[in-house]
Amino acid sequence: MGKTIAEKILGEHAGCEVRPGQIHIVTVDVALVQDGTGPLAVRQLQSLGLEKAAHPERTVLFLDHAAPSPRKELSNDHVTLRKFAAKTGAVLSEVGDGVCHQVINESYVNPGDVLIGADSHTCTGGALCAFSTGMGSTDVAIGIALGKTWMLIPPTIRVEVTGDLTPGVYSKDIILHLIGTIGADGATYKALEFGGPTVDGMEQSERFTLSNMAVEAGAKTGLIASDDVTREYLDSRGRAANFREIGPDPDAEYERVVDIDASTLAPTVSFPHTVDNTRTIDEAKGVKIDQVVIGTCTNGRLHDLMVAASILRGKHRHPGTRLIVIPASREVYLEAIRAGYIETFVEAGGLIVNPGCGPCVGVHEGVLADGEKCLSTQNRNFHGRMGNPKGEIYLGSPATAAATAIKGELADPREFLS
Amino acid sequence: MILKGKAWKFGDDISTDHIAPGRYFHLRSNLPELAKHVLEDADAEFAGKVQKGDFVVGGNNFGLGSSREHAPTIIKVAGVSAVMAKSFARIFFRNSINVGLPALICDTDQIDPADELEVDLTGGKIQNKTKGTVIEFTPLPIVMVEILQDGGLAEHVRKHGDLDLSCDLPEE
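Each protein sequence line maps, in turn, to chains A and B.
Count along the first sequence starting at 1, add 949, and that's the number in the numbering used here.
Count along the second sequence starting at 1, add 33, and that's the number in the numbering used here.
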């Protein structure tokens, strides 16, 4: 019987054949925590007398959600993680290094790995064909200390994408469309597997955006077969030797196949307060926007900044709309400086925030006022998400965000294509 | 094990941002303080009025969103003895069991606000004392029952010194 990608990777890590519905103990290759979840993980290990890491060189502690720290309590949480790193040899990703999901994939995750992270968007690593999934602090703490965890082997939903994206439409629009179609719980406890000619032809950065939002449909992970695109990405990161080609068997059994014709998609926006509340830009245009955010683990990569800069070049943000740009990592930031994108954003009236999660988590760097509306390239628009339950969050692509910043209202990026 | 208390009813899609809002991020290492804001963005009065033993009752996709284990933890710290919903988001469900908070999947349409409930955790039944009805809940996977019986994942590892769970182990 053929296997899905999830069944192949989890079978390797369980040491046996696995089928959906079974529960297995699996080994863990890479583990991450961040400053919102890591301190609790560390305290659990301290209370158990297990303050150690089975693979310290592949255990990464990120200071990214509240970085630099806006409050003394969070500064103390950062110290907790720095001390744990010093004691165990685990890797510390400091303030300003970037968002966990960007840095972990830039430097640590390889095809065929199992990655667990105390952050729901850990599923981003599925774009490198790693079984990557978010868990809570205690689960990841135990995974760090013992090098293993338990997993329910998920059934897989195959998302088959065909057709070419039209200009102004991106992978963000595909994933928003998918979640709008299957719902915010359409894949709960299941694995998504993205494939088809459109995904095959997609560059690595765009693939990360698809996998990043798998959890917004409730999925455990969002896997993409590894291929030449993956190989080139790993090669560019000095990890060519870690490439492995992994894909589903031709006769793999899927719980369901969802077909998407990318050529029919338009720029898509999620309206408050759930990700599955999607509309095409034609149905969305005209909503006045107070703040635009370009960045986060969903869309803060160089390709995203390139797309946004190409629209904003020589233009200026609307006087009634603030523009915040956040490179996802230190490396993205440097490359964006060298490419001139940062200069474009600053000239366009934008504000550059240090690499990290920015205002997405509602801690700092752009908390909304009562009644304000924000269009962000982030992955989540829940009630209160950006620090104020009286604010409203809309989600879209970097192109939609750039067009919206110029017009001061939800805008169609296709009007700005040259 | 029998749990008794009053139902606090919530709707569909109650997210971890409703339960543990990001604006209280700085209180995550101070759980009693964070618990004073539990579910604040879904019902501002809940934290002040919930009584020890009460139940949180949601609709579909309860706990969607973040991996923050603080969400089920502060529901427990607030005194709630179990969470019930028609369906749970995966990470919240797993976290609830890990922190020793029973998460029960059942038809919550049969429960109204302030109904008095009696839960038989091992028997798989919820008695709605107010309505005189009985609601069955979906049994938890055996792994989760084992973790819950040990008082959560940390206590499980403390007791066994390892992950010692009834999994589908590789055949010798």
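In this text, a Cβ means the ideal position worked out from N, Cα and C, and glycines have one as well.
Bear in mind the structure is a predicted one, so any value in this text is a computation, not a measurement.
Worksheet item: What number of angstroms, rounded off, separates the C-alpha of Phe1143 of chain A from the C-alpha of Thr1073 of chain A?
Response: Numbered from its first residue, the first sequence carries residue 1143 of chain A at position 194. Numbered from its first residue, the first sequence carries residue 1073 of chain A at position 124. Their backbone Cα atoms lie some 12 Å apart in a straight line.
Discussion item. Assuming Ile159 of chain B and Val152 of chain B are in contact, meaning their beta carbons sit under 8 Å apart, how far apart are those beta carbons, in whole angstroms?
Written reply: The count along the second sequence starts at 1 and reaches residue 159 of chain B at position 126. The count along the second sequence starts at 1 and reaches residue 152 of chain B at position 119. Confirmed, about 5 Å.
Worksheet item: Between the segment 74-91 of chain B and the segment 107-120 of chain B, do at least 3 Cβ pairs fall closer than 8 Å?
Response: yes
Discussion item. Please identify the residue among A:Ser1219, A:Gln995 and A:Arg1262 whose C-alpha is closest to the C-alpha of Ile1124 of chain A.
Written reply: Here residue 1124 of chain A refers to the residue found at position 175 when the first sequence is read from its first residue. The residue with the shortest Cα to Cα distance from Ile1124 of chain A is A:Ser1219.
Worksheet item: So, does the CB of Val943 of chain A fall closer than 9 Å to a CB anywhere in chain B?
Response: Outside the shown range of chain A (950 to 1367) lies residue 943 of chain A, about which nothing can therefore be said.
Discussion item. Between Ile175 of chain B and chain A, is any beta-carbon pair separated by less than 9 Å?
Written reply: As a first step, residue 175 of chain B must be located in the second sequence, where it is residue number 142. Output row for Ile175 of chain B: interface = yes.
Worksheet item: Excluding five sequence neighbours on each side, which residues of the same chain lie with their C-beta closer than 8 Å to the C-beta of Val190 of chain B?
Response: Stepping through the second sequence from its first residue, residue 190 of chain B is reached at position 157. Leu196, listed in sequence order.
Worksheet item: Using 9 Å as the limit for Cβ to Cβ distance, is Gln993 of chain A near chain B?
Response: Counted from its first residue, the first sequence places residue 993 of chain A at position 44. For Gln993 of chain A, the answer is yes, since a Cβ of chain B falls inside 9 Å of its Cβ.
Worksheet item: Counting only beta-carbon atoms, is Ile1091 of chain A nearer than 9 Å to chain B?
Response: As a working note, residue 1091 of chain A is residue 142 in the first sequence. For Ile1091 of chain A, the answer is yes, since a Cβ of chain B falls inside 9 Å of its Cβ.
Worksheet item: Going by beta carbon distance, what residues of the same chain come within less than 6 Å of Glu1321 of chain A, once the five residues before and after it are set aside?
Response: Indexing the first sequence from 1 puts residue 1321 of chain A at position 372. Counting only Cβ-Cβ distances below 6 Å, and skipping sequence neighbours, we find Asp1239 and Gly1340.
Practice prompt. For Gln1084 of chain A, go through chain B and note every residue whose CB falls closer than 7 Å to its CB, in chain order.
Written response: As a working note, residue 1084 of chain A is residue 135 in the first sequence. Note that residue 1084 of chain A is Met in the sequence shown, not Gln. Those are Ser100, Ile124 and Arg127, listed as they occur along chain B.
Worksheet item: What alpha helix (DSSP H) runs, 4 residues minimum, are completely inside the segment 1009-1065 of chain A?
Response: 1021-1037 and 1049-1056
Discussion item. Going by DSSP, what residue range makes up the alpha helix (DSSP H) through Gly38 of chain B?
Written reply: Indexing the second sequence from 1 puts residue 38 of chain B at position 5. Gly38 of chain B -> not in any alpha helix (DSSP H); beta strand (DSSP E) instead, spanning Ile35 to Lys42.
Worksheet item: Nearest to Asn161 of chain B by alpha carbon, out of B:Cys139, B:Ala77 and B:Pro174?
Response: Your numbering for residue 161 of chain B matches position 128 in the second sequence. It is B:Cys139.
Worksheet item: Which residues share a DSSP beta bridge with Tyr1343 of chain A?
Response: Start at 1 with the first residue of the first sequence, and residue 1343 of chain A comes out as number 394. Tyr1343 of chain A pairs with A:Leu1324.
Practice prompt. Look at His1004 of chain A and Ser1018 of chain A and say whether their C-beta atoms are less than 9 Å apart.
Written response: Sequence index remark: in the first sequence, residue 1004 of chain A carries index 55 (1-based). Sequence index remark: in the first sequence, residue 1018 of chain A carries index 69 (1-based). No, the Cβ-Cβ distance between His1004 of chain A and Ser1018 of chain A is not below 9 Å.
Item to complete: State yes or no: is the C-beta of Ala77 of chain B within less than 9 Å of the C-beta of Leu150 of chain B?
Response: Working through the second sequence from its first residue, we reach residue 77 of chain B at position 44. Working through the second sequence from its first residue, we reach residue 150 of chain B at position 117. Result no, Cβ atoms of Ala77 of chain B and Leu150 of chain B do not sit closer than 9 Å.
Worksheet item: How long is the line joining the alpha carbons of Ile130 of chain B and Thr155 of chain B, rounded to whole angstroms?
Response: Taking the second sequence and counting its residues from 1, the one referred to as residue 130 of chain B is at position 97. Taking the second sequence and counting its residues from 1, the one referred to as residue 155 of chain B is at position 122. Cα to Cα, Ile130 of chain B sits roughly 15 Å from Thr155 of chain B.
Fill in: Where Leu1254 of chain A meets chain B, residues with beta-carbon distance less than 8 Å
The count along the first sequence starts at 1 and reaches residue 1254 of chain A at position 305. Neighbours of Leu1254 of chain A on chain B: none; closest Cβ ~25 Å, over 8 Å.
Item to complete: Verify the CB distance criterion: does Arg1329 of chain A have a CB-CB separation below 9 Å to chain B?
Response: Taking the first residue of the first sequence as position 1, residue 1329 of chain A is located at position 380. Arg1329 of chain A counts as touching chain B.
Discussion item. So that I know if they touch, is there some Cβ in chain A lying closer than 9 Å to that of Pro172 of chain B?
Written reply: Residue mapping note: residue 172 of chain B aligns to position 139 of the second sequence, counting from 1. Chain A, which has no Cβ nearer than 9 Å to the Cβ of Pro172 of chain B, makes this no.
Item to complete: With distances taken Cα to Cα, identify the nearest neighbour of Arg1279 of chain A among A:Glu1043, A:Thr1213 and A:Glu1202.
Response: Counted from its first residue, the first sequence places residue 1279 of chain A at position 330. Ranking the options by Cα distance to Arg1279 of chain A, first place goes to A:Glu1043.
Discussion item. Quick check: what's the CA-CA separation for Gly1263 of chain A versus Ala963 of chain A?
Written reply: If you number the first sequence from 1, residue 1263 of chain A lands on position 314. If you number the first sequence from 1, residue 963 of chain A lands on position 14. If I take the Cα positions, the gap works out to 55 Å.
Discussion item. For a cutoff of 9 Å on Cβ pairs, would you count Ala12 of chain B as touching chain A?
Written reply: Chain B is shown only over 34 to 205; residue 12 of chain B falls outside these bounds and no answer can be derived.
Item to complete: Specify, as a first and last residue, the run of the beta strand (DSSP E) that Glu1109 of chain A falls within.
Response: For the purposes of this step, residue 1109 of chain A is identified with residue 160 of the first sequence, where counting begins at 1. Counting along the chain, the beta strand (DSSP E) containing Glu1109 of chain A begins and ends at Thr1105 to Thr1111.
Worksheet item: Hey, how far is the Cα of Gly1311 of chain A from the Cα of Met950 of chain A?
Response: Residue mapping note: residue 1311 of chain A aligns to position 362 of the first sequence, counting from 1. Residue mapping note: residue 950 of chain A aligns to position 1 of the first sequence, counting from 1. Their backbone Cα atoms lie some 47 Å apart in a straight line.
Worksheet entry | Own chain, CB closer than 7 Å to His1313 of chain A, minus 5 neighbours either side, in chain order | What you label residue 1313 of chain A is simply residue 364 of the first sequence in a count that begins at 1. Cβ neighbours of His1313 of chain A beyond the five flanking positions: Ala1015 and Pro1019.
Practice prompt. Under 8 Å Cβ to Cβ from Ala1034 of chain A, same chain only, skipping five residues before and after it: list those, please.
Written response: Your numbering for residue 1034 of chain A matches position 85 in the first sequence. If we look at Ala1034 of chain A and ignore the five residues flanking it on each side, its Cβ neighbours are Leu1010, Val1040 and Leu1041.
Worksheet item: Between the Cα of Asn1191 of chain A and the Cα atoms of A:Asp1013, A:Thr986 and A:Leu1077, which residue gives the shortest distance?
Response: Your numbering for residue 1191 of chain A matches position 242 in the first sequence. Nearest of A:Asp1013, A:Thr986 and A:Leu1077 to Asn1191 of chain A, Cα basis: A:Leu1077.
Worksheet item: Quick one, are the C-beta atoms of Pro1116 of chain A and Arg1334 of chain A less than 9 Å apart?
Response: Along the first sequence, read from residue 1 onward, the residue named residue 1116 of chain A stands at position 167. Along the first sequence, read from residue 1 onward, the residue named residue 1334 of chain A stands at position 385. In this structure, Arg1334 of chain A does not lie closer than 9 Å to Pro1116 of chain A by Cβ.
Practice prompt. Report all residues from its chain with a CB closer than 7 Å to the CB of Val977 of chain A; omit the five preceding and five following residues, and keep chain order.
Written response: Translated into the one-based positions of the first sequence, residue 977 of chain A becomes position 28. Excluding positions up to five away in sequence, the list reads Val1063, Ile1065, Gly1092, Gly1096, Lys1097 and Thr1098.
Worksheet item: With a Cβ-Cβ cutoff of 9 Å, do Gly1167 of chain A and Leu1159 of chain A count as a contact?
Response: Looking up residue 1167 of chain A in the first sequence gives position 218. Looking up residue 1159 of chain A in the first sequence gives position 210. The answer is no: Cβ separation not under 9 Å.
Item to complete: Would you mind sorting Ile1286 of chain A into buried or exposed? The rule is 16 or more other CB atoms within 10 Å of its CB.
Response: Here residue 1286 of chain A refers to the residue found at position 337 when the first sequence is read from its first residue. Exposed, by the Cβ-count rule.
Discussion item. Using a 10 Å radius around the Cβ and a threshold of 16 neighbouring Cβ atoms, would you call Arg123 of chain B buried or exposed?
Written reply: In the second sequence, counting from the first residue as 1, residue 123 of chain B sits at position 90. Looking at its Cβ environment, which holds 16 or more other Cβ atoms inside 10 Å, Arg123 of chain B is buried.
Worksheet item: Terminal residues of the continuous alpha helix (DSSP H) containing Val1089 of chain A?
Response: Here the question's residue 1089 of chain A lines up with position 140 in the first sequence. Segment Ser1086 to Leu1095, the alpha helix (DSSP H) holding Val1089 of chain A.
Worksheet item: Cβ of Val1052 of chain A less than 9 Å from any chain B Cβ?
Response: As a first step, residue 1052 of chain A must be located in the first sequence, where it is residue number 103. By this cut-off, Val1052 of chain A is not an interface position.
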